[in-house]
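Here this note's numbering is used: position 107 in the sequence shown is 896, and no number is missing along the way.
Take a look at the structure below.
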Amino acid sequence: MKDIILEILKIVAPVSVALIVFSQGLGIAPGRVAAYFREQPGLMLRSLLATLVLVPLAAIGLILLLKPSPGVAIGLAILVACPPAPLMLKAATKKGGGSAEFMASLHLSLALLAFVTVPAMLYMLSMLLNFKSQVDLGVMAWILARTILIPVALGLAIRGFFPSAADRLAPVIGKIGTVGIIVVAVAAIAALYPALLNMDAWSYFVIAVVSLAGLTIGHFFGPADASEKTVLAVECGVRHPVLALTIAASNYSPQQALPVMVPCIISFILIAMLYMTWRGKQASRGPA
């Protein structure tokens, strides 16, 4: 039964993520996404530096300092090497008051750069932590294409040519994607709860510290605009779960990868949700 659930989740999870990303693309004017590259290149460069360089460096420093088990260290290294965070696209903008345009711009940038940054960062982290990790570029390209690049591009295109249709479609598709993610989360926890219970308290502490370090870097390194600061924090604090799981399972067996990656991914998401709740309350009270 567990294997059947996992096989179903492999299909439902990417589709649900793609629907959420697509629905957000439907609500964003294409010109606003392009404006970040054209009008604020410094902001984009600083955001990419924080997400791609500072977060992995902070993670490796904390791993070497806190010395978790080898499995947790490798799992965290793989996870922090795999931006962007497609699951947070809707939550960061709705719950955390983040800028949808800025998040779409970052998502597209990080997804395109991932073909270089993910293998490069994994190589550096593997050298420091003494583990082997190879990336299948074809598999990675397909994951990024179907969960980010294609849904965002399609959503932006429909928004640009058929704005009225986009307004009607976006809420419905977004709700379908959200329901799918909820089903995936409940099913994953039900199927893999032994992995959550078997991990020791110190490992969870290290995972939480690494996650908080990413959020902190994004928050304090981010721009003055509160909505953009929230987006950068979330991008720094949460990564691409499907990509990280795929890399981990391809280098180790699923039986080795899942008990480590699932607690890491769930912990990162839960901590980010707490951060976004705080940021959303701040946004409702006025400028941060």
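For glycine and all other residues, C-beta sits at the position ideal for the given N, C-alpha and C.
Classify residue i as buried or exposed, calling it buried when 16 or more other Cβ atoms lie within 10 Å of its own Cβ.
i, result
"THR1019", "buried"
"MET929", "buried"
"ARG827", "exposed"
"PHE1057", "buried"
"LEU981", "buried"
"PRO830", "exposed"
"GLN923", "exposed"
"GLY949", "exposed"
"SER953", "exposed"
"PHE1009", "exposed"
"ILE800", "exposed"
"THR906", "buried"
"ALA848", "buried"
"GLY886", "buried"
"GLY944", "buried"
"PHE994", "exposed"
"PRO875", "buried"
Would you mind reading off the limits of the alpha helix (DSSP H) that contains residue i?
i, result
"ARG948", "939-950"
"THR1035", "1030-1040"
"GLY885", "Segment: none, GLY885 is in no alpha helix (DSSP H) and carries neither H nor E."
"MET988", "Premise fails: MET988 is in no alpha helix (DSSP H) and is neither H nor E."
"PRO819", "819-828"
"VAL1020", "1015-1026"
If you measure from the CB of residue i, is any heavy atom of the ligand MG nearer than 7 Å?
i, result
"GLU828", "This structure lacks the ligand MG, and indeed carries no ligand of any kind."
Measure the beta-carbon distance from residue i to residue j and round it to whole angstroms, keeping in mind my assumption that it falls under 8 Å.
i, j, result
"VAL804", "CYS1025", "Not quite, the Cβ-Cβ distance comes to about 26 Å (not below 8 Å), so this is no contact."
"GLY1007", "ALA839", "6 Å"
"LEU851", "VAL1049", "Incorrect: roughly 16 Å between the Cβ atoms, too far for contact."
*asked:* My parser needs the alpha helix (DSSP H) runs of 4 or more residues fully inside the region 894-931; what are they?
replied: none
*Going along the chain, which unbroken runs of the alpha helix (DSSP H) with 4 or more residues stay wholly within the region 836-883?*
844-855, 859-869 and 877-883
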